[in-house]
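*Asks:* Following this message is one structure expressed as structure tokens.
Protein chains: 2
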Amino acid sequence: MVEGPPLRADAQRNRARILDAAEAVFAEFGARASTEEVARRAGVAIGTVFRHFPTKEDLLAALMKRLLAQLTEEAGRHDLFGFFRRTVAQAAAKKTAVELLAGSGVDIRLPDAVGHLEEAMGRLLQQAQADGTVADSVRLPEVMALLTGMCQGALHGGWDEHLQARTLAVVFAGFERG
Amino acid sequence: MVEGPPLRADAQRNRARILDAAEAVFAEFGARASTEEVARRAGVAIGTVFRHFPTKEDLLAALMKRLLAQLTEEAGRHDLFGFFRRTVAQAAAKKTAVELLAGSGVDIRLPDAVGHLEEAMGRLLQQAQADGTVADSVRLPEVMALLTGMCQGALHGGWDEHLQARTLAVVFAGFERG
DNA sequence: CAGAATAATGAGTGGAGACTCACTTTGGTA
DNA sequence: TACCAAAGTGAGTCTCCACTCATTATTCTG
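Structure follows, in structure tokens:
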């Protein structure tokens, strides 16, 4: 987390463009998509991508970090069940970090970003338990595990809305009773 | 499913060796592992692998088919909950077809093999509902979806035994109540 | 606005890995 | 055993892609 001097204006603009392009390209083709394609979609030369992200893995990690931050922020705007519904739906629509976590073949570790998401979900869980919609015996690890598992299932399995709803109903019933 | 003349003895032996090697290699390194490595582990020249499986995708598909058949056969030896426990544990130990389905980047379609697994799981579900351990409102699609989702979660997330048990407990409670 | 620092460019390099094929070996058969 | 079709071999080809770097362009700063 070393911060150098501030980026030049064009560099800031391009960095953002590259991340946006990467999000779109990797969502469409998976992490196998080439850096070349990201550069093309960002309207930038290949060298520029590598100036900002010295390796492809760095690019994936930066993207992951942004997606996790978005997810964490989103957690603040939902209750536990709503957050599940929303996140699974996003995964099914291929708009999520899951593919990158799961499919990149390289494991990317972002303890901070994941930690923040965990904290946010911990708060949702506490709230749900205070409301009585989730049994007290349920703990955070299995809640996170079920969310990631369902997201991966929805993503790779292409769950339609109806299947998402039926699957979530089972999990929610399980949360309620413990 | 065109069957040519029967394979020569050495060809049969090598085909089996290649599939065994592929199972080990892809379980260890994921579908990104090279065909070269599979050949090496099978003790066979690279050309032999390509004689049996003209493309890498063919090799992955043949392996998937075998793994699905094993899973289907295994379903006959368990009740629904036992089958879930066992299959999730296998996924966590990276011994399963899930990685191939999810991570190969190529989508392999094996309607027959998947169909047979579905039938077997349908039987388990019916039995569980007759026993009263699963609510009648639960249908096969969400059961399959939850199994694949949990397997992917367990595989990529590296769930330990305890986390597997806690996560499965939530899902089983959900099945019981609907 | 000039000079220095930073950034962008894109043809080029290297390496990896899927796949080929001319040749050799082996197993089945008469 | 002698034949030959089936199978095995592995060096080589080809394509793709991550990454480099000498050159050119753009921002900043005084």
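Just so you know, the sequences run in chain order A and B. At position 50 of the first sequence the residue is numbered 50 (this note's numbering), and the sequence of numbers has no breaks. At position 64 of the second sequence the residue is numbered 64 (this note's numbering), and the sequence of numbers has no breaks. For each residue, glycine too, the CB sits at the ideal point set by N, CA and C.
By alpha-carbon positions, which one of A/H52, A/F29, A/D10 and A/G4 ends up nearest to A/L19?
*Replies:* Here the closest residue by C-alpha is A/H52.
*Asks:* Which one of A/A165, A/R13 and A/F29 has the shortest CA to CA distance from A/K95?
*Replies:* Per the Cα distances, A/F29.
*Asks:* Does B/M150 get closer than 8 Å to chain A when you measure Cβ to Cβ?
*Replies:* At least one chain A Cβ lies under 8 Å of B/M150.
*Asks:* Taking the CB atoms as reference points, tell me whether A/F175 and A/A135 lie closer together than 8 Å.
*Replies:* Contact: yes.
*Asks:* Terminal residues of the continuous alpha helix (DSSP H) containing A/D112?
*Replies:* That run of the alpha helix (DSSP H) goes P111 to D131.
*Asks:* Give the single residue among B/G178, B/Q164 and B/H116 whose Cα lies nearest to the Cα of A/R166.
*Replies:* A/R166 has its Cα closest to that of B/G178, out of B/G178, B/Q164 and B/H116.
*Asks:* With 8 Å as the threshold, decide whether the Cβ of B/R8 is near any Cβ in chain A.
*Replies:* Not an interface residue.
*Asks:* Are the stretch 35-49 of chain B and the stretch 3-10 of chain B touching, with three or more C-beta to C-beta distances below 8 Å?
*Replies:* Flag = no, the stretch 35-49 of chain B and the stretch 3-10 of chain B do not touch.
*Asks:* Note down, in chain order, every chain B residue with its Cβ under 8 Å from the Cβ of A/R177.
*Replies:* The answer, in chain order, is A173, G174, E176 and R177.
*Asks:* From B/V49, B/G4, B/A173 and B/Q152, pick the residue whose C-alpha is nearest to that of B/T87; which is it?
*Replies:* Comparing Cα-Cα distances from B/T87 to each of B/V49, B/G4, B/A173 and B/Q152, the minimum goes to B/Q152.
*Asks:* Taking CB distances under 8 Å as the criterion, tell me whether B/A24 reaches chain A.
*Replies:* No, B/A24 lies away from the interface with chain A (no Cβ there is under 8 Å from its Cβ).
*Asks:* I believe B/L168 touches B/R85 by the beta-carbon criterion, under 8 Å. Please report the beta-carbon distance rounded to the nearest angstrom.
*Replies:* Yes, they are in contact, since the Cβ atoms of B/L168 and B/R85 sit about 6 Å apart, within 8 Å.
*Asks:* Please list, in chain order, the residues of the stretch 160-171 of chain B that have any C-beta partner in chain A closer than 7 Å.
*Replies:* Correct list: L163, R166, T167, V170 and V171.
*Asks:* At least one CB of chain B closer than 8 Å to the CB of A/V138: is that the case?
*Replies:* Cβ-Cβ to chain B under 8 Å: yes for A/V138.
*Asks:* Using a 10 Å radius around the Cβ and a threshold of 16 neighbouring Cβ atoms, would you call B/H179 buried or exposed?
*Replies:* For residue 179 of chain B there is no data in the structure shown, the boundaries of chain B being 1 and 178.
*Asks:* Do the CB positions of B/L147 and A/P141 come within less than 8 Å of each other?
*Replies:* Not closer than 8 Å, so no.
*Asks:* Taking the beta carbon of B/R15 as the centre, do at least 16 other beta carbons fall within 10 Å, making it buried, or is it exposed?
*Replies:* So B/R15 counts as buried.
*Asks:* Considering A/L7, what are the terminal residues of the alpha helix (DSSP H) in which it resides?
*Replies:* Taken as a continuous stretch (DSSP letters only), A/L7 belongs to no alpha helix (DSSP H), as it is neither H nor E.
*Asks:* For B/P95, does the three-state DSSP call read helix, strand or coil?
*Replies:* It should be pointed out that residue 95 of chain B corresponds to Lys in this sequence rather than to Pro. Three-state DSSP puts B/K95 in coil, outside helix and strand.
*Asks:* Do we get a CB-CB distance below 8 Å when we pair B/G122 with the residues of chain A?
*Replies:* No, because no Cβ of chain A sits closer than 8 Å to the Cβ of B/G122.
*Asks:* Would B/A92 pass as an interface residue toward chain A - the criterion being a Cβ-Cβ separation below 8 Å?
*Replies:* No, B/A92 lies away from the interface with chain A (no Cβ there is under 8 Å from its Cβ).
*Asks:* Determine the extent of the alpha helix (DSSP H) in which A/A75 is found, giving its start and end residues.
*Replies:* Start and end: K56 to A75.
*Asks:* Measure the alpha-carbon distance for B/E23 versus B/L63 and round it to whole angstroms.
*Replies:* Taking the straight line joining both Cα atoms gives about 7 Å.
*Asks:* Is it true that the CB of A/A92 sits closer than 8 Å to the CB of A/I159?
*Replies:* Note on identity: in this sequence residue 159 of chain A is Trp, with Ile being the wrong assignment. Yes; because the gap between Cβ atoms is below 8 Å, this pair is in contact.
*Asks:* Considering only the alpha carbon of each residue, which of B/L110, B/R109, B/I108 and B/A145 lies closest to B/G122?
*Replies:* Among B/L110, B/R109, B/I108 and B/A145, the Cα nearest to that of B/G122 is on B/A145.
*Asks:* Quick one: Cα of A/A31 to Cα of A/A61, how far?
*Replies:* About 11 Å.
*Asks:* Can the beta-carbon of B/T72 be found closer than 8 Å to that of B/L124?
*Replies:* The answer is no: Cβ separation not under 8 Å.
*Asks:* So, for A/A154: in the same chain, excluding its five sequence neighbours on each side, which residues have a beta-carbon less than 7 Å away from its beta-carbon?
*Replies:* So the list reads V88, A91, A92 and Q164, once near-sequence residues are dropped.
*Asks:* Exposed or buried, what is A/A128 when buried is set at 16 or more other beta-carbons lying within 10 Å of its beta-carbon?
*Replies:* By the neighbour-count rule (16 or more Cβ atoms within 10 Å), A/A128 is buried.
*Asks:* Check the Cβ of A/H116 against every Cβ in chain B and list those closer than 8 Å, keeping chain order.
*Replies:* By Cβ distance, chain B contributes nothing, its closest Cβ being about 18 Å from A/H116, past 8 Å.
*Asks:* Name the chain A residues that come within less than 7 Å of B/L146, Cβ to Cβ?
*Replies:* Chain A residues near B/L146: T167 and V170.
*Asks:* Return the CA-CA distance between A/V171 and A/G132, expressed in angstroms with no decimal places.
*Replies:* The straight-line gap from Cα to Cα measures roughly 16 Å.
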